[in-house]
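UniProt numbering numbers the first residue of the sequence shown as 1 and each following residue consecutively. Heads up, the beta-carbon is just placed ideally off N, CA and C, and yes, glycines get one too. These notes are about the structure you will find just below.
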Amino acid sequence: MSKTEIPESFPSDPNEVFNLAVDGMGGDGAPEVVVAGLAVAAERHRNIKVLLIGDEARLLPLLAKYPKAASICTVWHTDVSVSMDMKPTSALRMRQSSMRLAMDAVASGRAQGVVSAGNSGAMLALAKIVIKTLPGISRPAMAAISPTIKGDVVMLDLGANVACDWRNLVEFAVMGEAFAKSVLGLPAPTIGLLNIGAEELKGDEKLRVAAETLRESPLAAQFHGFVEGHDITAGTTDVVVTDGFTGNVALKTGEGVLKMATTLLRQVFQRGIISRLGYLLVRPGLERMKEWLDPRRYNGAVFVGLNGVVVKSHGGTDAEGFAAAVDVAMDMVTHGFNESIRERLSHMGALLMRPQVDEECEPALPVS
């Protein structure tokens, strides 16, 4: 990792390295949700060391309220923060914001990863400029975990790149495999390319070239081939790779379907006394399903492909959700996420040097 200079105000021993730099002022409920979430994380990760960045006047009283969080945190003071509606270009100019200083800590080697519930666009822009991409990766992607009927699935890209070429998709597959290994603990995650059909001739040229490249790569044994939309929740593969436009639409559609199903179930069980009695009978199963589908369990989208771990918590999450984002970051730091990507890419150099294909869209074949 290329090092950048850390400001002289850095509040720690010059040889101390933190597991995570946490933006204490990012998110709708900051800073209390952040500190409360770190208190939860302190119970799960006994040896964690956190550089908590933000306004001391607001953070120190909260750390007194949450002593478990205080036991793992060193505070770096700044009273500048990035608002949730700020444009990325404006955030780039704020060199003393809590989000920027968190990125600086990783870029300088003083922290191994960043967690923030702040502005997504500003976070991606700062990460690309300050932390930079890994050698061999042309574009970072946004990855996240979603539930399926078989377990969990890693999806990427979820919005960082609207348009992608075949090389990007192959890189996403490499990064998604490393993410599933680090966070889900899978020794050999299976990979699928999202398409309009499972047949080899479906989709456009970039999808077919990406599939051909993966079949010839060290990931060949793990590459399932093309998958369709219903395969995501079916758990057909452990990793689903797509461009950011399609991935974001799929993600938001899934969230909408889940909300609709929840609303319909509530309406059904409130229709009358017999429905309410029926609810009492199935309540234990519904509670287990609610726990499994709890969005807080899946909080923590990750910008993968960067020269450090960067985890984005949902801005409106609570303490439990923020702790889940910290869990993801710690899994990636502990299990050598970026080292795994570097190793894979070192064995795929020649395959990624194929000539570029025509990126113009082709007519889709009829969908069965």
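- Counting every other CB atom within 10 Å of its CB across the protein chains shown gives residue 344 a total of 16 or more, marking it as buried.
- Counting the other CB atoms within 10 Å of its CB gives residue 330 a total of 16 or more, which places it among the buried residues.
- Inter-residue distance for residue 160 and residue 141 is about 5 Å (C-alpha atoms, whole angstroms).
- When Cβ pairs closer than 8 Å are counted between the two stretches, the segment 151-165 is seen to touch the segment 238-252, the count reaching three or more.
- For the options 21, 103, 77 and 112, the alpha carbon positioned closest to that of residue 129 is the one of 103.
- Within the segment 118-192, complete alpha helix (DSSP H) segments of at least 4 residues are found at 120-126 and 166-179, given in chain order.
- Within the DSSP secondary-structure output, residue 18 pairs in a beta bridge with 111.
- At a cut-off of 3 residues, the continuous stretches assigned as beta strand (DSSP E) that sit fully inside the segment 48-113 are 50-54 and 73-77.
- When the Cα atoms are used, residue 57 and residue 336 turn out to be separated by approximately 36 Å.
- If you draw a straight line from the Cα of residue 180 to the Cα of residue 13, it comes to about 34 Å.
- Here the alpha carbon of residue 116 sits roughly 15 Å from the alpha carbon of residue 75.
- A Cβ-Cβ separation of about 4 Å places residue 36 in contact with residue 319 under the 8 Å criterion.
- The beta carbon of residue 268 lies closer than 7 Å to those of 275 in the same chain, with the five residues before and after it left out.
- It is roughly 7 Å from the alpha-carbon of residue 96 to the alpha-carbon of residue 78.
- Note on geometry: alpha-carbon atoms of residue 208 and residue 126 lie some 33 Å from one another.
- Pairing residue 252 with residue 237, the inter-Cα distance amounts to about 20 Å.
- Secondary structure note for residue 225: its beta strand (DSSP E) is the uninterrupted segment 223-227.
- Under the DSSP assignment, residue 301 falls in the beta strand (DSSP E) whose first and last residues are 301-304.
- Residue 230 and residue 23 have their alpha carbons spaced roughly 37 Å apart.
- Residue environment analysis places residue 270 among the exposed positions, since fewer than 16 neighbouring C-beta atoms fall within 10 angstroms of its C-beta.
- For the 8 Å CB-CB criterion, residue 169 and residue 202 do not form a contact.
- Around the CB of residue 61, fewer than 16 other CB atoms lie within 10 Å, so the residue is classed as exposed.
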